[in-house]
Each structure stands twice: as structure tokens, then as C-alpha cells.
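Notes follow the structure.
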Amino acid sequence: MQLIEAIIKPFKLDEVRDALQQVGVQGLTVTEVKGYGRQKGHTELYRGAEYVVDLLPKVLVEVVVADGDVERVVEAIVAAASTGKIGDGKIFVHPVEEVIRIRTGERGEAAL
Amino acid sequence: MQLIEAIIKPFKLDEVRDALQQVGVQGLTVTEVKGYGRQKGHTELYRGAEYVVDLLPKVLVEVVVADGDVERVVEAIVAAASTGKIGDGKIFVHPVEEVIRIRTGERGEAAL
Amino acid sequence: MQLIEAIIKPFKLDEVRDALQQVGVQGLTVTEVKGYGRQKGHTELYRGAEYVVDLLPKVLVEVVVADGDVERVVEAIVAAASTGKIGDGKIFVHPVEEVIRIRTGERGEAAL
Amino acid sequence: MRNATRKALSWGIAGIVPLLAPTQAFAEDTLDSGDTAWILTSSLLVLMMTLPGLALFYGGLVRTKNLLSVLMQCLISAGAIGVLWVAVGYSLAFGGEGNRFFGDFSMAMLSGITPDSLFGTIPTYVFVMFQGMFAIITPALMLGAFAERMKFSAYLSFIVLWVLIVYCPLAHMVWGGGWIAQLGALDFAGGLVVHMSSGFSALAAAIYVGKRKGYGKEPMAPNSLPLTVIGTSLLWVGWFGFNAGSALAADGSAGLAFLTTQTATATCLLTWVVIEWLHRGKPTVLGAATGAVAGLVAITPACVSVSPAGAMAVGAGAALICYAAVTLLKPALGYDDSLDVFGVHGVGGAWGALATGLFIADFALDAEVGRGGQIMKQLESIGFTAVYAVVMSLAILFVLKLVLGGLRVDEEAEHEGLDLAEHSETAYGPAN
Amino acid sequence: MRNATRKALSWGIAGIVPLLAPTQAFAEDTLDSGDTAWILTSSLLVLMMTLPGLALFYGGLVRTKNLLSVLMQCLISAGAIGVLWVAVGYSLAFGGEGNRFFGDFSMAMLSGITPDSLFGTIPTYVFVMFQGMFAIITPALMLGAFAERMKFSAYLSFIVLWVLIVYCPLAHMVWGGGWIAQLGALDFAGGLVVHMSSGFSALAAAIYVGKRKGYGKEPMAPNSLPLTVIGTSLLWVGWFGFNAGSALAADGSAGLAFLTTQTATATCLLTWVVIEWLHRGKPTVLGAATGAVAGLVAITPACVSVSPAGAMAVGAGAALICYAAVTLLKPALGYDDSLDVFGVHGVGGAWGALATGLFIADFALDAEVGRGGQIMKQLESIGFTAVYAVVMSLAILFVLKLVLGGLRVDEEAEHEGLDLAEHSETAYGPAN
Amino acid sequence: MRNATRKALSWGIAGIVPLLAPTQAFAEDTLDSGDTAWILTSSLLVLMMTLPGLALFYGGLVRTKNLLSVLMQCLISAGAIGVLWVAVGYSLAFGGEGNRFFGDFSMAMLSGITPDSLFGTIPTYVFVMFQGMFAIITPALMLGAFAERMKFSAYLSFIVLWVLIVYCPLAHMVWGGGWIAQLGALDFAGGLVVHMSSGFSALAAAIYVGKRKGYGKEPMAPNSLPLTVIGTSLLWVGWFGFNAGSALAADGSAGLAFLTTQTATATCLLTWVVIEWLHRGKPTVLGAATGAVAGLVAITPACVSVSPAGAMAVGAGAALICYAAVTLLKPALGYDDSLDVFGVHGVGGAWGALATGLFIADFALDAEVGRGGQIMKQLESIGFTAVYAVVMSLAILFVLKLVLGGLRVDEEAEHEGLDLAEHSETAYGPAN
Ligand SMILES: Nc1ncnc2c1ncn2[C@@H]1O[C@H](COP(=O)(O)OP(=O)(O)O)[C@@H](O)[C@H]1O
Ligand SMILES: Nc1ncnc2c1ncn2[C@@H]1O[C@H](COP(=O)(O)OP(=O)(O)O)[C@@H](O)[C@H]1O
Ligand SMILES: Nc1ncnc2c1ncn2[C@@H]1O[C@H](COP(=O)(O)OP(=O)(O)O)[C@@H](O)[C@H]1O
């Protein structure tokens, strides 16, 4: 099993979730994060003082899937999250050693 | 060393933390997240418009432990976080290559 | 490639980011988390009722870097985030199997 | 109700009357410190309705990224219309004695008014201010309809023109001795002038400006119902200045207006909650808040014309009708009136104006006119106001669109939110 | 204090007096626009105490998941009791001239009252409204005791019955010429009728309904002290209407009430902060806020009976006693009065009623009665109110529990929070 | 303006005048219920300016970790100064008939004042309270300058001493018949006494206490502009009590003050927004809010001395000058006046005091003095106030630093935030 972490633009979350549902993903976890990268930030203005904000709101989607599903899931995310503009985000794929479902104690792919 | 990620129901956090303390865990990191899965969401109502909310509040607990402790820690979490109802959450176990304590520069298990 | 997770004191974020920029890191992701560890928490007081708060605000910085850069990046974080007081935080290093840039579909180190 | 009759006359309530020239005190008029105290208080209450009342009521309902833009639009109404009113607005509304449709510029910059001038029993300056606060809140009411998408420059231009072209003339027709006053239609505190005018204009603007991106697809839940509840509360509290202050005296008439306002509002809130509970299974906070505002709107024109029981009827009716407008009519027709300005102010204002005739109490009824006759007068004024507001608003918006090259922000700005795109600010700083 | 004596009489303050029939104006009474202006203002101030004052004071103290439920309970009190008061409440409290325990239905729907009716020097409608705002806030005060667990339907039923069975009779006994008025116990603005009645009823309800799940184990820190501070501030501001408005005139008596209210509150705030600083090492914002409210509660019955120095004594005493009740008594006894309604309103109200006797100024003391005599009268009224409130509240809750099949939400709903479970809403939308 | 002349006299406006002894009513004085109603209302409005107005205005601008500390500093001013005012402050300001610099202790604990005492046409107790609310807000205005770093104990000691040594004497000099009154400088509602005194003292304190750690390096964006907008709004609403209430009557003079206050504020808001739009490309909410407050400050001394057009000039000038002070002067000089107390209150107050002379209307001008002569008097009073406030504040702070072992919290506490370090509380609880 592998953990797919996708950092995407916040307003793309709904589309990504729909896309994942369509490729059979049944669960995922979402975190609000801030991202710094090539994308230009914005300037805020308070009584003439300028604050450059270059940590921009992003959403981190985490999905654990069976090894065989990784490619399909990654493609689905890329397709749904892409706008073609800088700052669309990244996907990181990590190994997972074990998965446990708390409710039942099931392990491995059965626990997904 | 391994990283144990547990996604649990928010109101179980205190119990999980106590359980972890009892099996000797001395540090952990907690994030507020939202989870989507088999658990049914709820409906919100604003002037007659219905919004189905199926991203539910969850808490992500991260603990890095020595390889030998993984099983004990997982069991402690399962025992403390389980209510037997859908949505109790998952535990993911990942490999960790290195741990560093920032304050001292210590590495490996000594840094935990 | 590897994922470096650094849990640091919130007010150190700016310094860490500067340090990372100086060693050539071009992107990172930041999450607000709470940490429990050796560092003593504080007590809050509401109409005489005391609440001990031992989950303290921390910031989690995630950076994915090429294998060869790990050591340099870790050292930069340690140097920037350290105050020498308990609670400075930890760095965890994880393996990453794949990285994809959503905008372009690029993979591997080119996607960083 | 000693003073009420004369007041009623001066407000053009009882048919064609000898009109009061605002700059000249009645020969017998002397300043009454109690009346003055109450209208000073009422004036600041009506400002409080806009700032922070309406600002929070609306501000809580948009998405966080547009929260400041709503607050800003309320602030700028107080600034721009505040200046405009003293410069020319008051004169356009209350000058031009005898004109049927609009005033004139004879009192521009309040020329001719001194600290000693009286309007009835209060200083004319106080009357100018009381009315000025109405002129500030009325255009701001509209912003809920096109919230989350209109350019700030377009909004500012729109409300300035709208006050000159729609509000001041209507105020003149109804309260300044114009044709609606002469007709004898009743609108004590602004069902037509304030609520219908803004509500119908808002509908036109919402449709003309177009829907928000993602409307009907993305969830657009309120960012903060606590802010909305604070806003509702302060609207309610301030509305006593609006309605009971319109008596221009601290007398029985003000007492009646206070009582009917409170009673209609309580009834409408309660009825709305009950309807929602029966219809959707849950009583909601936003339902209660909306019910309160709908009740306040509906009783506004009627507040010195109905008995306590009549006020309950006005309030219960407002709940039924506005609930239907907001939850059934809007989705059926598909327009994006973001915060239901039409459903609450347009529909509620029209209902209130009609209900003023339907439930008019004996003590307020002109026997010669009769209930049926009064209802016809009310309908005539309702129809006129609706058409006038819609036509004029569309004309203004049409011109502005040409001049400004569009009324709404571009798509990216709408995504990012108006706070950053238009004002370079965010509502909330970092958590620590 | 020209009017104060007559006022005092009509409010039943000086022993057995010829009672005023609210529907009939005194022969010599004429409307005073200044008095009317002040009571109109006071009435809306007392509404502001509930909305948004109390709503925010309490709303900030619960957990986020229950915040809306608190706001909703305040809104519905304004709605339901607002209607009830006009329908029958006013008549039950102020009708039935000569009755010792409760009024009658003679003025249901305010029958017999017209815009011209006077009560003293103000329109009767204004008096009805001023009193109506008291009837709205009093039951809402109780909700803090059983917050975060009671069903909305149970709450709504409870407050309706409670106003009919507890509040209106007590108002009649004290202000409507009933036996406490005849006894000569002093309760100018509602130490007994408002604060003790709600505070003791709240204690009974908190115990009867039972503790919150996790009480004493899980932390239940306030979700937003800024909201609580806004609420405290608006309670303070509005309370001048409550206390100084109870003079029913804008005169020296109102001035005295204003001054003692401000002085006692400032003293209590300061004393509370100092006690906490000494006792726990830190002065807290919630301590300052609680101290302010405790001072306001305590001075309520005493506000025209004490000198400035007396007001300081009342305030300092309230800080000591309420601090002890909240931080020592409650943990010792172990009941879960979520937001300390008993500790602040019950205990503070009783202290205030007693202190009215203890610190009564010469100008307010009936020489024939004497300080000692007055203290005895105060104690008698305190004892009666405590017992009456507790017994009646328990009786109402007992019946409701049977009828509604339980007073509290189920365990899952309590976990999830009342906002979602009872109202299908959440206080705050998504961050963007 | 029947009463205005006498009022003007008693407030020392028209040169050297027979001074009014506050404890003795004029022989011909009788209570006016309308005037009393308005000053009762004004008094609570001025309290509302501090709580919650100023508390939120400032509270929204600091970082979340210091939000409660700001609220606490406002609360404790109401508590501590509230007590102090009744104990000795009122006597120090308004006692000591004939003294040029300060009053005396003859009315300590309000001795000699009864509920029947009159001050003009209102109960003396009401005058005491109206003035007391000014004494509460003025020291609290300063806290914005040294926010986010001063110890609570140092703040509390500072404001107590400051009220005794700076505020009460200045109030005596200007309003209590002291030398500035005798000179004939005009300061109707407190440009010198309230705004310049606090603004200049604040600058001195900000510099003496030193900059916040990280100032100029770390971003210190406001934690909540919505709170700041609520605060601004309630300051605006309450300011009508401050300015129009200073007429001590509900008359034409109050009407004029109301109108000029509203007009200058609207103009200043609008001008500030336009300047910012032109200068920086975006109109901001914080700019609008700051503009509103600057306008309110500037019109305060001038509000019964200028025409509507003059009010616009005062407001537009305030926008230009305060904008420059805040966005150009402060960065140029490099001091850390956290929330721009000097730029808005110090500079705005001085401008307003000068503008009172520059734009004085014919009806307010003393022909013998002439505009030029009036301007000189204004300049003299401005210079004195600036020097007096700065010197005395530095003296107080110097002593306190010795006595308390430092005025600011240690570095770790500054990092952690004052809320936790000084009050053991956090503004917001956990999200669920
Ligand atoms: N090396 C990295 N490690 C972790 N997160 C990264 C890294 N690089 C980029 N990110 C995340 O991806 C987001 C998008 O990156 P950015 O460089 O702005 O654009 P793009 O994805 O188009 O290359 C950033 O905001 C950040 O959250
Ligand atoms: N494949 C997955 N990857 C990441 N997180 C998941 C995945 N499946 C479930 N989760 C997380 O676990 C939570 C609980 O899952 P759910 O299916 O609702 O119930 P259960 O844990 O009882 O199977 C979800 O809300 C989500 O946060
Ligand atoms: N075993 C662990 N797993 C995950 N996070 C940990 C672990 N131990 C510590 N942490 C994180 O590191 C932070 C600092 O740890 P702490 O023990 O307080 O001090 P130090 O870093 O100086 O050893 C904690 O607040 C927590 O967020």
C-alpha cells in the first residue's frame, strides 16, 4: 500500500474528491495547509504598511491505496487538480507498511 | 523507527493520549483534519438550502516510535479510539529513516 | 527523494524558511499542529477552574528534497530552529517513492 | 397622541394636506426637549442599524474571503451618502415645496437652516440627520443582492446615483409632500421608500450583474452566524429608532410604533421558526434571524396604523410570505440574490405596505376613504414604487457598465475573494 | 426627585399604598415627552441586554459546537415571550388590581389600552414594552445553567410556562401591587423578580437536568472570550435602561440609579479582579467580566436606595460573595451550573436584595420601619422568592419531562453539539 | 439654541465668564426631563465607546495572542477609573471654584450632592456620570500606543496616576473654569482634554516603553478586522453622546453638534479612502475605519463652532493630516506607536483644536476676539496641552519603572503573548 499526498489549490478540492470517488477511492483525509513555492504571493496593506504574504492557502489530500491503484489515482488527481497555472501543487507518493481499521482491527488492504 | 499516523474521532483524543502515555510514548503531534469515508455526513440547512457535509472533523495523531514499540502502540490506540461505530478511523504505519532532535542535534532513537 | 518533516516552534517559522531558501529549497508546505512532549504546558484559568494545556502550538514544515540534499537541509533547519530550550522540536526523514508536479505532470526530481 | 395628528399631517399621511415647509417653523412651534432627545437618540440608532448592524448581518452570511468587502460597502455608504445628503440629498428630498416628484436645490449644503430652525418641535438639523441616516442604510440594503462579485468602484458609483435618482425622489413623493403623500397612501417609516425601493432595485441588480461563479454548485454557507446574530440584534434594537422615531416626537404615537414593531417582529420570528420546524424538521438560527428582519421590514409602513393584534397579523403574514419567497420562489426562478434582499425587503416591504391597508385600525382609518379605498391607494403606491425602482436601477447600471467597463470583478478575483482583490486585506490574521 | 415619591408609591415601594390601576391614568397625569423619551430608550436598551448582550455573554462561554444553540435560545425568548407578553403576560403581571398573588386576564391582548393611555407620565404602551423586555431577558438568563445539553423543544416549553407561572406572579407581587409590595420590601428594578427568580430556578433546573457528559473530566473552556466581553459590555450599557429606566422618568431618581449602577459595577469588577489576583496570581478577563455582571445584578434592587458609598459597599460585597459561590461553593457541591447563573444571578440577586436593607440611605429609609425592620422585610421576600422559584420550576420540569419524554438531547447529539443536532447549522463556515 | 448660550458660558466658551459652581444650581434652574433623558442616554453612549467600542477597535488590531490583554485594559479602566472618579476625580476636575489649575477634594465621594442637586437643567448626578465616562475612555485611548508589551500592573498604575495628574487638572482648566476656560480657548467636547492629552501622552509612553520585539521585521497584521469594524461603528454611534451630549441639553446646540459630527466623520472617511486609493491603489477597510475615527476626533472640539461646510473642511483636513502622520511620519521617525494613537488622537485632536479657530462660523465667533485672535488662543491651549501631557506622563512612567522594576513584560512573555502570560487565558478555545 502507498500513501498519496496531494497538495492542491483549495477551490479544486471538490473536483478532486469527485474524481477520486470515480476511480473507486472510498476514503481520504484533508488538511488545510499553507504552501510556499514558485507561485507569487500577494501583498496586504494595513495603514500603509505592506505585508508580503507568500505562504498561500493550499489543501493537502491524503489517500492510502493498494499498490496497484497508485497510478490510476495519481492520474485522476492530476487531471482534476490541474489548471495549468503555477501553484497547482505536487503529489508525493510514500510507502506504507501497514494499515489498521480502528473499528474492527482489520489490517492491510482490507482495512482501507 | 516508524511513524504511526492515527486518524481518530476528535472526542477520543484525550483517551488516546492517556493510553499512549501509559505505553511509554513521550511525544506526539496532533493535527485537526477532515475525513471522508464510509461514515455518513450530516446536512446543514441555511434558509432552506441544504448543504451535505461529508468531510467530517477528525484528529490526526502522529507518533514516531522505535520499531519494537510499533505493535504495542498500535494496539493501545486501537483500544482507546474504538467505539465500534463507523468512522472510528484508521492507523497508517510508515517507515522513518532518521529522527533528529533540534535542540541537541541527537539522532535516532535517542532523539525521540 | 526524501520527505523532511520538521516540527518547530511557531515563531521560528520565518527564520527556518529563510534558511531553507538559502540552501536552495524552492518549495515547502506548512501546517499548524499541536505538540505534546517534554516541554511543560501552561495553565489556563476560567472562573477559578484550571485547565492544564499540554498540547502546545507548533508548526510542521514539510519539504521534499533530492536524496543528496537531505543532510544540508536538515542542518539548515537545526541551525535556524534551535533555541536550546526544551520543545524546539524534531525532524523526521521519510522515504518518498515518487513526486509529480500537477501542473505539468513532470515526475521525479524535476518535479520539485 | 397629542402631537400625532399634526405629525401625521406633516408626513402627508391623511390625504392632501397643507404641506409643511421644512425650513419654516410653524408659528406656534417651540422646541420640545423630550421630542428632541428621542429623535437625537433615534438618529444614532438608525446609524447603528447600518454600522455595525447591517454590516454584520450581511457580513456573517458571505464567505470569509468576501467578508471585508461587505463591511467596506457599508462603511462607504455612511461616508459617501453621509456627505451627499448634507450637500444635496436633503434638499432633493425635502425641498421643492409643492413639487410632485422631486425636490430642488434650494437647501443644498443646508442653506437657510440654522441651529435655531425648527421642524415641528425639534431642531431642523436633527430632522436632517434622522432622515440622513435613512438615506445611508437604504442603498446599503441592496448590497446583499450582488454581494461577492461586484466591483467596489461600481458599487460606490451605483449607490451615489441611486440615492440621487431613486431614493431622494421617492422620499419626496412619500414624505416630502409629493404625489404619493397627496394620494393618501400610508408609509409611516419607509415600507415603500426604504424597503421596496431597495428590495426591487436589488433584484434587478442581482439579475443584471449575474450569478456568482459556482452558484448552485459549490456550497456557499455563511462564514459566521454569530456575526449575523449580532447584526440581527442591532438591527432590531435600532429599528425602534427607525419606526418609533418616525413619530418625530416622544409621544403616544411613538409608543404605538414601538409596540407594534416589537410585536410584529416577535410574531414573525416565532412564526418563521415554527414554519421551518414543520417544513424542514429543524428550527434554525438563520431562520429566526431572517424572521426577525422580515417582521421589522413588514411593520415599518404600518407601525402607527395597526393595533397590537394587527401587528401580530402583519408579522405572521410576513413570515409566511417571505419564507415562501426565499425558499421557494428564489430557487424556482433561479436568480442569485446572494443574501435575499428581494425576498426579505422587497417582498416584505410590499407585504407591509399592503397590510397597512388590510389591517388598518379604526383609530388610523380615514372614514371617508374606508378600508377598501385605503387598500387601493396602497396598491397604487406599491405598483409605482416597484416599477420606478426597477426601471431606474437598470438604467443606472446600464450606464455604469458602459462607463466602468463592467460591473463585476474578474473570475480570478472572484475566486481569490473580494477582500484581497479589491482591498488588499484579509478578515483574519494568522492564528498566533 | 420630584416624581420619585409618586413613582415609588406606584411601584409599591413604601409599604401598603393606594394602588395604581395601570389602565387608568391619574387624573392629574399628563404625558411628559422627556420621561417618555427616556423610557422608550430604556426599553430598547433592555432588549439589547438580551440581543445581543446576553446571547454573546453566554455564547462566548460554551464550546463552539453549542454556540448557536445559545444564540437561538435568546432569539426565541424574544420571539415567544414577546408575543406572550402582549397576549396575556402583561395582564397577568399588572392586571388584577388588589390581588395579592397574580393578576388576571382583563388586559389580555392589551385590551382597554390605547395610544392615549398614560401610566404616570408616559404612554401605557411604553410601560408595557419596558416591562415586556424584562419578561424576555429573565427566562433567557436561566439558559446558562443547563446550556449544552437541553433540548430546544424542552427549553421553549419551559420558558413559556415559567413566565406564566413564576415570572408574571412574582412581577405582580412586587411591582403589580401584590403582597410583597404591600409588605414594603424593596426591589426597585428586579433583584427578586428578575435575578433571584431566574438564578434559583436555574439551579434547580441544572440539577434536575443533570450534568453535561464529561463535566469535570474534559476541559470545557470558553470558545470565545471576545464574544463574552462584547456581551458583558452591552449588558452593562443596557443595564442603565434596566435600572435607571425603572424610575419611569428622566429625573433625579433616574440619575441616582444611573450613578449607583455604574459605581457598584465598577467596584465589583475591580474587587473581583483584585481578589482573583491575590487568590490565584493572575487577574483574568473572564473574572473582570463576571465581576461586572455580578455588580450589575447586586445593585439592581438597591439602585435608588443607597448613596454612592453604599453602592461601593454593594459592589464590593457582591464580588466577595459571588466569587466564593462560583469558585468555592460550586465545586464543593458538584452541581453543573454551566455558566454560573446561580452563582451570579441567584446569589448576587439575593445579596443585592439583602444589601438594599443593610446599606439603605437615610433618604430612602422609612423612619417608622427602620433599618432593622427593612432588613427583615427584605429577608422575608428573599426567602419567599427562593422557595417559590425552585418549587415551581421543578414542578414545570417534572411535567415537561413526562410530556416530552426527556429534557435533554441524547448522548450522541451532546457529543456532536447542539448546533448540528438541534438546528442543522454550524457557527462558522469553512475558512475560505 | 435657547440654552446654548448659557451652556456655552458655563463651559467657559466665551472668554472669561462668571463661573458655575457645580454643586449649586442656578436660582432659576429647574430640571428638564428632555435634557436629562438625552444626557442619561449620552452617558451610556460614552461608556459604550469604551466597552465594547474602543476595546474592539483596538482588540482587532493586535495579534491574537494579545487580544484579551487589550480587552482587559479597557475593562479595568471602567472598573478602576469608575471608582476613582466618584471617590475623588470629579472633585479634582470640577471642584475648587476659581482655581486656575486644579480642583480640590471638597466633593470627594460626591459629598454635598444629592439626588435633587441640579447642574443646569439636569441632575448633578447625571453630569457626574457623563463626565465620568469621559474619564474612563481617555486613559484607555492610550493603551494602543504601548499595546502588546506593557505589564498589566504597570498599565493599571499608570492610568490611575495619569487620571489624577493629567486628566483631572486638564478637565479643570478647560471645563472646570480653569485658565484655559478663562483664556477663551474653545474645546467643546474634548479635543484638548481627551484626544490631545491621551495622544501626546501615548507617544511619550510608546517611546519610553520601547518597541515591540520584532517590530518592523515580523509582520504584525491585525488579528480581526471585523472586530475593528464593530469597534469603529460603536465608537461612531457613541460619539454622538460624546459630542452632542456635551451640549448638556437636547436643543439646537446638540442638533448642531450631531450634524457636524456626522458630516465631518463621513467626509473624513470618504477622503481617507480616496487618498489611499490614489496613493496606494486600493481602498482599504482599515483605512475607512481609521478615517472615521480621525474625523470623529477632529470635530470633537469644533462641533458647535462650525457650519456644515466647516465640518466638511475639518473632516477633509483630518484625513490629509492624520493619513500623513500615520503612513509617513511614523515610519520616518521609527517609533512604535502600535495602533497609531498619536497619529489619530494626538495629531487629529490638535488639528481639530486649531480648525476650531480656522473654520469658526460667524454664529460662534466672538466679534471682539476675531478669527485671528481665536486662532492664537487655540494655539496657546494646544501648545500647553502637548507639553503638559508629555512631561507629566514621562514623570509618572519614570517613577513607575523604578517602583515596579520595569514597565514591560519579559521577552518570553512577549513571545507567548500577554493573554497567557498576564491573564492565563486565551481568546479562543479549541475549534470543537
Ligand atoms: N519541495 C517541496 N516540498 C514540499 N512541498 C512543496 C515543495 N515544492 C512545492 N511544494 C508545495 O507545492 C505548492 C505549489 O508549488 P509551486 O512551486 O508554487 O507551483 P507548482 O506546483 O506549479 O510547481 C507549494 O505551495 C507547496 O505547498
Ligand atoms: N484510504 C484512505 N486514505 C486516507 N484516509 C482514509 C482512508 N480511508 C479512510 N480514511 C480516514 O479514516 C476516516 C474513517 O473512515 P470511515 O470509512 O468513515 O470509517 P472506518 O474507519 O470505520 O472504516 C475517514 O474519515 C478518513 O479520515
Ligand atoms: N515521538 C514523537 N512523535 C511525534 N512527534 C513528537 C514526538 N516527540 C516529540 N514530538 C514533537 O516534538 C515537539 C517537541 O518535543 P519535546 O519533547 O517537547 O521537546 P524536544 O524537541 O526539545 O525534545 C512536541 O511538541 C511534539 O510535537
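Residue numbers (the numbering used here), protein chains in the order written: chain X, 172 to 283; chain W, 172 to 283; chain U, 172 to 283; chain F, 959 to 1390; chain B, 959 to 1390; chain Z, 959 to 1390.
Every residue, glycine too, gets a C-beta built ideally from N, C-alpha and C.
Keep in mind the model is a prediction, meaning the values are calculated, not measured.
Can you name the start and end residues of the alpha helix (DSSP H) that residue i belongs to?
i: residue 1092(F); result: 1082-1100
i: residue 1066(B); result: Premise fails: residue 1066(B) is in no alpha helix (DSSP H) and is neither H nor E.
i: residue 1003(Z); result: 991-1006
i: residue 1223(F); result: 1210-1238
i: residue 1109(B); result: Residue 1109(B) -> no alpha helix (DSSP H), and no H or E assigned at all.
i: residue 1312(Z); result: 1305-1316
i: residue 1343(Z); result: 1328-1362
i: residue 1025(Z); result: 1025-1034
i: residue 243(X); result: 241-252
i: residue 1245(F); result: 1243-1257
i: residue 1265(B); result: Element bounds for residue 1265(B): n/a, residue is neither H nor E.
i: residue 1127(B); result: 1126-1133
Let me check one thing: in DSSP terms, what residues is residue i bridge-paired to?
i: residue 205(W); result: 201(X) and 228(W)
i: residue 1041(F); result: Answer by DSSP bridge pairing: none, since residue 1041(F) is not bridged.
i: residue 261(X); result: 178(X) and 272(U)
i: residue 1386(F); result: 1182(Z)
i: residue 222(U); result: 215(U)
i: residue 1077(F); result: 1080(F)
i: residue 1366(F); result: 1108(F)
Between residue i and chain C, is the shortest Cβ-Cβ distance under 8 Å, so that the two count as touching?
i: residue 1372(F); result: In summary, chain C is missing from the structure at hand, where the protein chains are X, W, U, F, B and Z.
DSSP three-state call for residue i: helix, strand or coil?
i: residue 1293(F); result: coil
i: residue 188(X); result: helix
i: residue 1170(Z); result: coil
i: residue 277(W); result: coil
i: residue 267(X); result: coil
i: residue 172(U); result: coil
i: residue 1374(Z); result: helix
i: residue 233(U); result: strand
i: residue 1057(Z); result: coil
i: residue 183(X); result: helix
Going by C-alpha to C-alpha distance, which of the options sits closest to residue i?
i: residue 179(W); options: 259(W), 235(W) and 185(W); result: 259(W)
i: residue 1145(B); options: 1010(B), 1205(B), 1094(B) and 1236(B); result: 1205(B)
i: residue 1054(Z); options: 1283(Z), 1094(Z) and 1063(Z); result: 1063(Z)
i: residue 1140(F); options: 1361(F), 1368(F), 1335(F) and 1389(F); result: 1335(F)
With a cut-off of 7 Å, give the chain-ordered residues whose Cβ is closer than this to any heavy atom of ligand 1.
-> 178(X), 204(X), 206(X), 207(X), 208(X), 209(X), 210(X), 227(X), 229(X), 257(X), 258(X), 259(X), 260(X), 261(X), 196(U), 197(U), 198(U), 199(U), 200(U), 233(U), 234(U), 235(U), 236(U), 272(U), 273(U), 274(U) and 283(U)
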